[in-house]
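Trainee: Residue numbers for the sequence shown follow this note's numbering, so the first one is 434 and each next one is one higher. Even for Gly, the Cβ is constructed at its ideal location relative to N, Cα and C.
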Amino acid sequence: MRFIDSHTEGEPTRLIVEGGPDLGAGSLAARRDRFARDFDHIRSFAVNEPRGYDALVGGLLCEPVDTSCAAGVIFFNNATMLGMCGHGTIGLAVTLAHMGRIGPGVHRLETPVGVVTFELIDRNTARIVNVPSYRYAKAVGVDVPGLGRVTGDIAWGGNWFFLTENAPCPVDIAHIPQLMVASQAIQDALNAAGLGGDGAPVDHIEIFAEGAPGADSRSFVLCSGGAYDRSPCGTGTSAKLACLAADGKLAPGESWVQESVIGSRFQASYRPGPDGRITPTITGRAFVTGEGVLHADPSDPFRYGVRG
Ligand code: PYC
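(1) Give a yes or no on whether the C-beta atoms belonging to D642 and R651 are separated by under 8 Å.
(2) Is T500 helix, strand or coil by DSSP?
(3) Nearest to G644 by CA position, among A701, S693, L489, is which residue?
(4) Does T716 pass the burial test, meaning 16 or more other C-beta atoms within 10 Å, or should it be called exposed?
(5) Would S501 and R534 qualify as a contact pair, given that the criterion is a beta-carbon distance under 8 Å?
(6) Looking at the strands, I want to know which residues DSSP matches up with I711.
(7) Hey, which unbroken runs of the alpha helix (DSSP H) at 4 residues or more fall wholly within the segment 536-582?
(8) Could you name each continuous beta strand (DSSP E) segment of 3 residues or more that falls completely within the segment 601-680, going from the start of the chain to the end?
(9) Suppose you measure from the CA of C602 to the CA of A503; what does that come to, to the nearest Å?
(10) Can you list the residues near the ligand PYC, meaning Cβ strictly closer than 5 Å to any non-hydrogen atom, in the order they appear in the chain?
(11) According to DSSP, is S693 helix, strand or coil?
(12) When burial is assigned at 16 or more other CB atoms within 10 Å of the CB, is V450 buried or exposed?
(13) Residues in its own chain within less than 7 Å of R568 by CB, not counting five upstream and five downstream?
(14) Using 10 angstroms around the beta-carbon of T722, count the other beta-carbons present and answer buried if the total reaches 16, otherwise exposed.
(15) Secondary structure at V739, three-state DSSP: helix, strand or coil?
(16) What residues are listed by DSSP as bridge partners for L448?
(17) Please report the Cβ distance between L525 and T446, rounded to the nearest whole angstrom; I am assuming they are in contact, meaning their Cβ atoms lie under 8 Å.
(18) Check the DSSP bridge columns for T597 and list the partner residues they point to.
(19) Secondary structure at A463, three-state DSSP: helix, strand or coil?
(20) Is the beta carbon of G505 sitting closer than 8 Å to the one on C518?
(21) Under 8 Å by Cβ, that's how I've got V480 and F508 pegged, so tell me the actual separation to the nearest angstrom.
(22) Under the assumption that T528 contacts S671 (Cβ atoms under 8 Å), give the Cβ distance between them as a whole number of angstroms.
(23) Are V635 and G591 close, meaning C-beta to C-beta below 8 Å?
(24) List the endpoints of the continuous alpha helix (DSSP H) containing L515.
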């Protein structure tokens, strides 16, 4: 299986460019479901230890059904399939350019949750137009062991997020261990209370604090596989924009700079949609970090990765 690795503002992506499972020629959603049902061992093979690591997000490059699209992609992580992935889409844009498949300009990308567009601005910078995003619930309170009452919004940005400003400690690299414990406790409390978005569990937690000069906000993001996002999280930033828009705190077209826990940044803005939803635009940089071939020796007891 041939891959190209990149990172987007610190968050890694492994794009499978050859040798992936045969998922047929159905819609990307049908292919994603087949991937999850019949080839979960391949997901684990591609991103879990010993060939990968918990923070690594995978993308399976697919032929699109819609031939106006430059490519199709199915994103996944160390635990599951992802609806959409913002940093991964920026990584994919830069990787397709590295492969010589696209040049600067606007391109369409088919995903299991719909067609998204992105603009390759230069060899390391891309602007993505994410799926329509919205706030589902405002000021949801949950009692979290060790933290007390935590209040936040539930919003969709291509994945489900709980967004809180009740930071239990400074949001910086030095406090990542505490932020991991706190965000996992919030996640567990939300699950235990049955609090989700539109019938689905919330599987990403965002804790916000004041940004450094030049940034509007800084965030720590816990992802669905239990790793934290090194980037400001494209779908998470989209969920944040949806909440800001719903509160009248950010006007259409106005710039929002979201900083990650490691200090990297996305520049974001939105267009209003017809039904109270917004269409977010996220700009960030990605860099190719390596490429190679993954092997599965039939005698290797961990050929399908170390699985939890
Ligand atoms: O950038 O949307 C994102 C993302 C989701 C999970 C990790 N990164």
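Mentor: Taking the geometry as given:
(1) Taking the first residue of the sequence shown as 1, we reach residue 642 at position 209. Taking the first residue of the sequence shown as 1, we reach residue 651 at position 218. Sequence inspection shows Ala at residue 642; the Asp mentioned does not correspond to that position. Cβ atoms of A642 and R651: closer than 8 Å.
(2) One-based indexing of the sequence shown puts residue 500 at position 67. DSSP places T500 in coil when its eight states are reduced to three.
(3) By one-based count along the sequence shown, residue 644 stands at place 211. If we check each option's Cα against that of G644, S693 comes out closest.
(4) Start at 1 with the first residue of the sequence shown, and residue 716 comes out as number 283. Buried, because 16 or more other Cβ atoms sit within 10 Å of the Cβ of T716.
(5) Within the sequence shown, the letter at position 68 stands for residue 501. Within the sequence shown, the letter at position 101 stands for residue 534. No; because the gap between Cβ atoms is not below 8 Å, this pair is not in contact.
(6) The count along the sequence shown starts at 1 and reaches residue 711 at position 278. Partner(s): S566, P705.
(7) none
(8) 637-642, 650-655
(9) Taking the sequence shown and counting its residues from 1, the one referred to as residue 602 is at position 169. Taking the sequence shown and counting its residues from 1, the one referred to as residue 503 is at position 70. Their backbone Cα atoms lie some 43 Å apart in a straight line.
(10) C518, G519, H520, C656, D662, C666, G667, T668
(11) As a working note, residue 693 is residue 260 in the sequence shown. Strand at S693.
(12) Locating residue 450 in the sequence shown gives position 17, where the first residue counts as 1. With 16 or more Cβ atoms within 10 Å of its Cβ, V450 is classed as buried.
(13) As a working note, residue 568 is residue 135 in the sequence shown. D586, A588, A675, C676, A679, listed in sequence order.
(14) Working through the sequence shown from its first residue, we reach residue 722 at position 289. Counting Cβ neighbours within 10 Å, T722 comes out exposed, since fewer than 16 surround it.
(15) Position 306 of the sequence shown, counted from the start, is the residue given in the question as residue 739. DSSP places V739 in coil when its eight states are reduced to three.
(16) As a first step, residue 448 is located in the sequence shown; it is residue number 15 there, counting from the start. Paired residues: I437, G492.
(17) The count along the sequence shown starts at 1 and reaches residue 525 at position 92. The count along the sequence shown starts at 1 and reaches residue 446 at position 13. At roughly 7 Å, the Cβ-Cβ gap stays under 8 Å, so L525 and T446 are in contact.
(18) Sequence index remark: in the sequence shown, residue 597 carries index 164 (1-based). In DSSP, T597 forms a bridge with G585, I640.
(19) For the purposes of this step, residue 463 is identified with residue 30 of the sequence shown, where counting begins at 1. DSSP places A463 in helix when its eight states are reduced to three.
(20) If you number the sequence shown from 1, residue 505 lands on position 72. If you number the sequence shown from 1, residue 518 lands on position 85. No, Cβ-Cβ distance for G505 and C518 is not below 8 Å.
(21) By one-based count along the sequence shown, residue 480 stands at place 47. By one-based count along the sequence shown, residue 508 stands at place 75. V480 to F508, Cβ: 11 Å. No contact.
(22) On the sequence shown, residue 528 is found 95 positions in, with the first residue counted as 1. On the sequence shown, residue 671 is found 238 positions in, with the first residue counted as 1. Rounded, the Cβ-Cβ distance is 21 Å, inconsistent with contact.
(23) Working through the sequence shown from its first residue, we reach residue 635 at position 202. Working through the sequence shown from its first residue, we reach residue 591 at position 158. Contact flag unset, no.
(24) By 1-based counting over the sequence shown, the position of residue 515 is 82. Neither: L515 is in no alpha helix (DSSP H) and is coded neither H nor E.
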